[in-house]
Amino acid sequence: MILTPEYIFRRVEAIHPDFLARQGIRALVLDVDNTLTGDGSQQLDGSVQAWLEEMRAAGVSLTVVSNNTSRRVRPFAERIGLAWVPLACKPLPLGLMVARRRLGVKKSQMAMVGDQIYTDRMAAGLYGIPCLFVLPRTPHDKSRGVKLKRKLEPFWLRRYFRKGGKVYE
73 MILTPEYIFR RVEAIHPDFL ARQGIRALVL DVDNTLTGDG SQQLDGSVQA WLEEMRAAGV
133 SLTVVSNNTS RRVRPFAERI GLAWVPLACK PLPLGLMVAR RRLGVKKSQM AMVGDQIYTD
193 RMAAGLYGIP CLFVLPRTPH DKSRGVKLKR KLEPFWLRRY FRKGGKVYE
């Protein structure tokens, strides 16, 4: 099912290079809001910065793919040294297609990392790549649309747990 997560991680920092290597993943496409940082924030926690460095040291290619505008995404991505794709149109896989070409990897070697089922998980499912679903960094979403979608997500999360899924710490 394209909406039921394959994996759920407590935070992005719980995704480890050895896990990625076992899955054959060499590149990660990263959402910004409530994945790498709080909703609308330009601040990056030290633990996320350390995680980015760990991924780079392990040879994992990284890029940001966001539905936000360049005005939101560009300063954040450039400050942390990542390429970026704004206005990605998730859940359509258009931004993921652009990211894959830029990363120079096969679809089988990349995964989406994000906190929303109806954008990140669905885009990954439609594109045929795994989504490493992370729980939101903060409980606060500014967008009314995101607040509405959050109310619909528990159904899919329950399906994941009924299938024996766990939260990776």
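Residues are numbered in the working numbering as their position in the sequence shown, beginning at 1, plus a constant of 72.
Ideal Cβ positions, reconstructed from N, Cα and C, are used throughout, including at glycine.
**Request:** Count the other CB atoms, across all protein chains shown, that sit within 10 Å of the CB of Pro211; report buried if there are 16 or more and exposed otherwise.
**Result:** By the neighbour-count rule (16 or more Cβ atoms within 10 Å), Pro211 is not buried but exposed.
**Message:** Assuming Val101 is part of the alpha helix (DSSP H), what are its boundary residues?
**Reply:** Counting along the chain, Val101 falls outside any alpha helix (DSSP H), though it belongs to the beta strand (DSSP E) covering Ala99 to Leu102.
**Prompt:** DSSP state of Val157, grouped into three classes?
**Reply:** In this structure, Val157 counts as strand in the three-state DSSP scheme.
**Asked** Between Tyr240 and Ile80, is the Cβ-Cβ spacing less than 8 Å?
**Response** Ile80 sits close to Tyr240, with the two beta carbons spaced by under 8 Å.
**Request:** Just list the beta strand (DSSP E) runs in the region 168-224, keeping only unbroken ones of 3 residues or longer that don't cross its boundaries, in chain order.
**Result:** If we require 3 residues or more, the beta strand (DSSP E) runs fully inside the region 168-224 come out as 182-186 and 203-206.
**Prompt:** How close, in whole Å, do the beta carbons of Thr191 and Pro163 come, if the pair is a contact with beta carbons under 8 Å?
**Reply:** Rounded, the Cβ-Cβ distance is 5 Å, consistent with contact.
**Asked** Taking the C-alpha atoms as reference points, what is the distance between Ser119 and Val101?
**Response** Near 18 Å, if we compare the C-alpha coordinates of Val101 and Ser119.
**Message:** Using 8 Å for Cβ pairs, my map puts Ala183 next to Cys203. What's the rounded Cβ distance?
**Reply:** The C-beta distance from Ala183 to Cys203 rounds to 7 Å, short enough to fall under 8 Å.
**First and last residue of the uninterrupted alpha helix (DSSP H) at Val145** = From DSSP, the alpha helix (DSSP H) with Val145 extends over Ser142 to Arg151.
**Exposed unless 16 or more other CB atoms sit within 10 angstroms - verdict on Arg216** = Counting the other Cβ atoms within 10 Å of the Cβ of Arg216 gives fewer than 16, which makes it exposed.
**Asked** So what does DSSP say about Asp105, is it helix, strand or coil?
**Response** Strand at Asp105.
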